[in-house]
Each structure stands twice: as structure tokens, then as C-alpha cells.
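Here's the structure, in C-alpha cells; my notes come after.
Residue numbers (UniProt numbering): 1 to 54.
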């Protein structure tokens, strides 16, 4: 799942420094949300496929 704006969420990437990032992707397995930039996935790829962090 991809979300363009995830207002109240917190990116769970351990190295997140992108407090103003607006593109998010949800892991299909654990359902945690990540900034696309933190997990190095393009918005296009996030929309077209599934993302699994674990």
C-alpha cells in the first residue's frame, strides 16, 4: 500500500532523518509504514508492486 501523505505517522526506519517526506509505503507483512526515501524505493515502484521490509 502506498500513501502520499501519512499525517500522524512516524517512519520506523532506524536511519530516518526525513521529517518532511510525504511519500510513504507500508510493509505487506508487518504493516509498518516507511518513507519511500528511507527504504530506497521509488514511488512508482511502490505503487506497482508490494513492499516487504522483513
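Here a beta-carbon is modelled for each residue, glycine too, at the ideal position from N, C-alpha and C.
- Short of 8 Å from the beta carbon of residue 38, and not among the five residues preceding or following it, lie these beta carbons of its own chain, in chain order: 11, 13, 15, 16, 18, 21.
- A residue is called buried once 16 or more other Cβ atoms fall within 10 Å of its Cβ, and residue 30, having fewer, is exposed.
- DSSP places residue 25 inside the beta strand (DSSP E), whose first and last residues are 24-26.
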